[in-house]
Amino acid sequence: MDYFSLAFLTAVLQIIAIDILLGGDNAVVIALACRKLPESQRNKGIAWGVAGAIGLRIILIFFALQLLALPFLKIVGALLLLWIGVKLLQPEDEDGHGNVEGATTLLGAIKTIVIADAVMSLDNVIAVAGAAKGEMTLVVFGILISIPIIVWGSKFVLRLMDRFPVVIVLGAALLGWIGGHM
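Going by numbering that gives the first Met the number 0, 20 is the number at position 21 of the sequence shown; the sequence numbering is gapless.
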């Protein structure tokens, strides 16, 4: 795939949008997991937890790309994306992260972040795999660009969604469009 083609750049932008849209919860979990750490260890907990979550997510997406190569599973993935888009339009449970315990040790916080990301990232994995159209390079490039945006920009995006609910509708439309093209 040509790295400067419109198709490549469009797919990268789709992956970044997906990660921002579906990754906001992950930023909340990271904050909750590290909240009981001593101040001196919080940044380490965030950095190592995010690194572990990224590594795990890339592995999961690699397997999703392999599975989505099968025609029947591609249809299932597309239907899942459409369902995720519809769910995105429904009101959320305000206390959705109340069960995430803050860890008191650095290793505990890292473990909490990685496990929570593995559990919460199914929607993200399927959406990114669908947008990547079988290109692992797109996955890695898109995730490497979007992770810093998620870590540092999630509060901004959440405020944007609160202020302009149409952003949520646009995100749901993006997921539907990607699902329709799978």
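Positions of the beta carbon are idealized from the N, C-alpha and C atoms, including for glycine.
Distance from the Cα of residue 159 is smallest, within the candidate group 20, 64 and 62, for 20. The Cβ atoms of residue 52 and residue 44 lie no closer than 9 Å to each other.
Around the C-beta of residue 143, fewer than 16 other C-beta atoms lie within 10 Å, and the residue is accordingly described as exposed. Going by beta carbons, residue 3 and residue 137 fall outside the 9 Å limit.
Of all alpha-carbon atoms in 166, 134, 127 and 172, the one lying nearest the alpha-carbon of residue 1 is that of 134.
Cα atoms of residue 122 and residue 18: separation of roughly 10 Å, rounded to the nearest angstrom. Only exposed fits residue 54, as fewer than 16 other CB atoms lie within 10 angstroms of its CB. Secondary structure note for residue 132: it is in no alpha helix (DSSP H), with a DSSP letter that is neither H nor E. Your pair residue 120 and residue 59 checks out as a contact, with CB atoms roughly 7 Å apart and the cut at 8 Å. In this structure, residue 141 sits away from residue 77, with a CB-CB distance that is not shorter than 9 Å. Cα atoms of residue 102 and residue 61: separation of roughly 30 Å, rounded to the nearest angstrom. Listed in chain order, the non-local C-beta contacts of residue 67 below 6 Å within the same chain comprise 73, 76 and 128, local neighbours out to five positions each way being set aside. Burial is judged here by how many other beta carbons sit within 10 angstroms of a residue's own beta carbon; residue 64 has at least 16 and is buried.
With contacts defined by Cβ atoms closer than 9 Å, residue 25 and residue 115 form a contacting pair.
Contiguous alpha helix (DSSP H) elements confined to the stretch 44-93 occur at 70-88, taking only those with 4 or more residues.
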